[in-house]
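Numbering (the UniProt record's numbering), first residue to last: 1 to 104.
Written out as structure tokens, the structure reads:
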């Protein structure tokens, strides 16, 4: 998970908790209503946390897949270039051997 995603997730969670606590403390309610409201806010915060976690997991998987694809493409490119250089070297050696045997 990137540093930015971690900071955003932390900010959302802290903001949700602080906002819920402020609303609870500043709104006059009976004990029963306060507990119900607190339970509701807690459930909402839990749902948001789960959504953010799922999004972070998805983004991590997508980033990993993209990284693997780039690495695979890079390996293929290096193999192709190495094969080309190897073929060129073989051709030059072969040409040198041919010219060497004709000079003898």
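A virtual CB, placed ideally from N, CA and C, is assigned to each residue, including glycine.
Does DSSP put residue i in a helix, in a strand, or in coil?
i: residue 27; result: coil
Find out if the Cβ-Cβ distance for the pair residue i, residue j is shorter than 7 Å.
i: residue 16; j: residue 45; result: yes
i: residue 4; j: residue 56; result: no
i: residue 36; j: residue 20; result: no
What residue from the options has the CA that sits closest to residue i's CA?
i: residue 8; options: 25, 23, 52; result: 52
i: residue 13; options: 48, 90, 27; result: 48
To which residues of the same chain is residue i closer than 7 Å at the C-beta, ignoring the five residues directly before and after it?
i: residue 38; result: 24
i: residue 54; result: none
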